[in-house]
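As given, the protein sequences belong to chains A and B, one line each in that order. The first sequence: position 227 = 226 (numbering that gives the first Met the number 0), numbered continuously. The second sequence: position 334 = 333 (numbering that gives the first Met the number 0), numbered continuously.
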Amino acid sequence: MSFVPGLGLAKGMALTLRRFFEPKVTIMYPEVRLDPAPKFRGRLQLLYDEWGTLKCETCFQCAQACPIECIDMGGIDTRGRYHVHWGAPETYGERREESALRRSGRAVPDPAYQPFAAVDLGKLDAILEDYDHDPDRMLQILEATQAAYGYLPVAALKRISQTTGAWYAMIYGTASYYAHLRFEPPAAEIQKAAVDAHRPPETAYLAALDGALSGSGRRRQRSRPVADA
Amino acid sequence: MTVVAKSWNRLTLPGKIVFTVVPLLIVLTIVAVSVIVLLGPTVIDILAANIEIVRFVVAVTIILLITVPTAFLIIYMEMKVIALMNLRIGPDRVGPFGSALSVVHGLKVLMKEDFTPTGADPLVFTWAPVVVYLSAVMTLLVIPFAPGLFGQDLNLGLLYFFAIGGLSVVGLLMAGWSSYNKYSLLGGLRSAAQVVSYEIPLTLSVVGIILLAGSLSLNKIVENQSGWFTNWYVFQQPLGALIFFIAATAEANRTPFDLTEADSEIVAGFATEYSGMRFGFFFFAEYVNVFIISALTVTLFFGGWNAPFAWPWDVALSLDPGSYGIGMLMLFAIGPVVLTLLFAAPIWLASARVKWWQALIGGFVLANLFLITLGLAGAYIGLAWVAGLLWFLLKTYTFVFTFVWMRGTLPRVRIDQLMDFAWKWMLPASVVNVFVTAAAIVVVSTWRPV
């Protein structure tokens, strides 16, 4: 028998009557205070926005703030360019190898970092030497790197991570926090490089013209593409 | 400036008050004493000649006065019981277990601004809460609290009850109309529709009892239910009792039918523009109504002031204090001491750590409790009205608790569901109840084995 008239009412009334006699959850706040664990920070939760995507932007602020370092996270940066990981690599089996390599000081062959263009690391090594490979002076290192390259190449960040011992994710977090640090060259340069790549005859012609006119004292109007890009 | 004015100006404010009030009191006392001495016998003669009127006035006054603590008690019950059902503690600061909080609420309401909106009809606006409140209070006049303890034993008691109770619709409409606010007016009309709709099944559900009891007097109805609890009308009129209970819930605007002032949904219905004590009167009327419908349910269906069981043997206290003579005096002198020592002895013997004075204090408290219990038991056995009042209040507050319990449990119905239920279910069911009861009475009285 699924439907008995008034059964729902009776069930509800019985429930409230049981609650009536149950112990109460109120804490008499000013007199009585809860004694939570000193590192207690409430409940952690990953939220989704109204389109069903994670609201997490991989900023690592929660991981940095976590007092017991229990947050271990990895993800793609906000523009979907490259992989970042925060936390002890030992927590992921596949990253054990990288961890060992990193500690040994050798380059880490992580496929996640492969697609990114290599840059001439000579300038960066000089900068790192200047700053004594000190991770505490990360912001200055990053600013000097940007001054040298015009932006912060992924390979350079990787190098900084290897030599200073700071986690890549921590460097990424620092760099992404400051508005004046950028991860890619200014848009004008990118556009010019793209134009150049699509018009090889024109580029070749301009290069030949440039070579022919180099001795005549006439100034070039257009700057050449960046050599190391 | 005269000497009197100068010395008056030197007084502080309390001094001014004392120097005004004390002479006034002295003069008033002299006047009162002389009036009593001179006119006392005449006044008593006049009062004795009109004992019915005196009784009525006294009853009305007492009933008006007892509604205030009753409402306070029910408001406190509501706060506390619902809190406990929500796993909260509820009021616990003012008074023992927070019991004075409702009094504080009353004072708060009293101190608030008494606001009348522009365009409102001030006369109707002011009288609407009074009409609502008085229509609730006046119905208490016919409810028998205990044998001999009632305002007036009308032989049309039940009719009077419904007639006066129906007046509250007038008050609601007055409030809605005079507020000069279309939402108040709509709220008033809604309330009126609800109360009028449920008035019909409420009244019809009682007709069965009237047929059974053969009387409209509530005292007669209660007396018919004396003896064991199987004599209660709820066992002869279960459908009537159910309809009455539901309709009374709607009539008193209680959850799940509290659409007139659904405090979590609409502003306040007809009471939107009310503030201060005028709003307080509506509030009071609601809680007095809870008491009244509980009392009427008990009176009609649950035996009123009758105990649920009859004593199997006759208990009569045959105490004649006069016959003890000097022994009575000795009892008053020695009894408390002996009892204290008697109750102190086990405490003293129970543990070696208890000091003698602690044992004596414990014994004194226990002896007092024993005497109070004895006195109450004696009053219960010896005085019919004490026992009746006890049972009546016990049953009534059980129902008050049920109403509060329902408020803590049930969700509110929609207005169309409310109306559907009244007209499509309650009204036919109550009519069926009347016909079945009448037929059963005819059948039983015709074929009763003689």
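Each residue gets a CB set at the ideal place from its N, CA and C atoms; glycine is no exception.
Contact annotation: in the region 60-90 of chain B, residues whose CB is within less than 8 Å of a CB in chain A are Val80, Leu83, Met84, Asn85, Leu86, Arg87 and Ile88. In the structure shown, Ala178 (chain A) falls within a coil segment according to DSSP collapsed to helix, strand and coil. Against Arg18 (chain A), the close residues of chain B are Leu83, Met84, Asn85 and Leu86, in the order they occur along the chain (beta-carbon pairs closer than 8 Å).
At the C-beta level, Tyr150 (chain A) and Arg181 (chain A) come within 8 Å of one another.
Between the alpha carbons of Thr271 (chain B) and Met12 (chain A) lies a gap of roughly 31 Å. Non-local C-beta neighbours of Leu155 (chain B) in its own chain, meaning closer than 8 Å and more than five positions away in sequence, comprise Leu215 and Ser216, ordered along the chain. According to the DSSP assignment, Thr229 (chain B) belongs to no alpha helix (DSSP H), since it is labelled neither H nor E. Under the 8 Å criterion on CB atoms, Glu21 (chain A) is classed as interfacial with respect to chain B.
With the rule of 3 Cβ pairs closer than 8 Å, the region 69-81 of chain B counts as touching the region 270-288 of chain B. Not one beta carbon of chain A lies nearer than 8 Å to the beta carbon of Leu10 (chain B). Glu21 (chain A) counts as exposed, since fewer than 16 other beta carbons sit within 10 angstroms of its beta carbon. Taking C-alpha positions only, Ala246 (chain B) is separated from Ala439 (chain B) by approximately 24 Å. In the three-state DSSP reduction, Ala162 (chain B) falls in the helix class (H, G or I).
Going by beta carbons, Leu109 (chain B) and Gly302 (chain B) fall outside the 8 Å limit. Interface with chain A (8 Å Cβ-Cβ cutoff): Gly147 (chain B) is excluded. Neighbours of Gly239 (chain B) in chain A, taken as residues whose beta carbon is under 8 Å from its own, are absent, since the nearest beta carbon is some 17 Å off.
When B:Arg92, B:Leu392 and B:Pro143 are compared, the shortest CA-CA separation from Leu157 (chain B) is found for B:Pro143. Within the region 394-412 of chain B, Trp404, Gly407, Thr408 and Leu409 place their CB atoms closer than 7 Å to a CB of chain A, listed in sequence order.
The C-beta of Leu156 (chain A) has 16 or more other C-beta atoms within 10 Å across all chains shown, which makes the residue buried. As computed with DSSP, Tyr47 (chain A) is found in a beta bridge with A:Leu53. Any Cβ of chain B closer than 8 Å to the Cβ of Val3 (chain A) would place that residue at the interface, and such an atom is absent.
Taking the beta carbon of Val24 (chain A) as reference, the chain B residues within 7 Å of it are Leu86, listed in sequence order. When Cβ-Cβ separations below 8 Å define contact, Met137 (chain A) makes no contact with chain B. When 7 Å is used as the limit between beta carbons, Met169 (chain A) is near no residue of chain B, the shortest such separation being about 45 Å. Burial check for Ala146 (chain A): the Cβ neighbour count within 10 Å stays below 16, so the residue is exposed.
Taking 8 Å as the cut-off, the Cβ atoms of Ala240 (chain B) and Phe161 (chain B) do not count as close. With respect to the 8 Å criterion, Ala145 (chain B) and Phe391 (chain B) are classified as neighbours on the basis of their beta carbons. For His132 (chain A), no alpha helix (DSSP H) segment is defined, and its DSSP state is neither H nor E. For Gln416 (chain B), the enclosing alpha helix (DSSP H) has its first and last residue at Ile414 to Asp419.
Inclusion of Asn218 (chain B) and Asp152 (chain B) in the CB contact set at 8 Å is warranted, their separation being smaller than that value.
Cβ contact annotation for Met137 (chain A) (same chain, cutoff 6 Å, sequence separation greater than five): Thr173, in chain order. In the DSSP assignment, Trp85 (chain A) forms a beta bridge with A:Met72. At a C-beta separation below 7 Å, Met12 (chain A) has these neighbours in chain B: Trp404 and Thr408. Secondary structure note for Asp44 (chain B): its alpha helix (DSSP H) is the uninterrupted segment Leu12 to Ala48.
Contact between the region 96-104 of chain B and the region 173-180 of chain B is absent, with fewer than three C-beta pairs closer than 8 Å.
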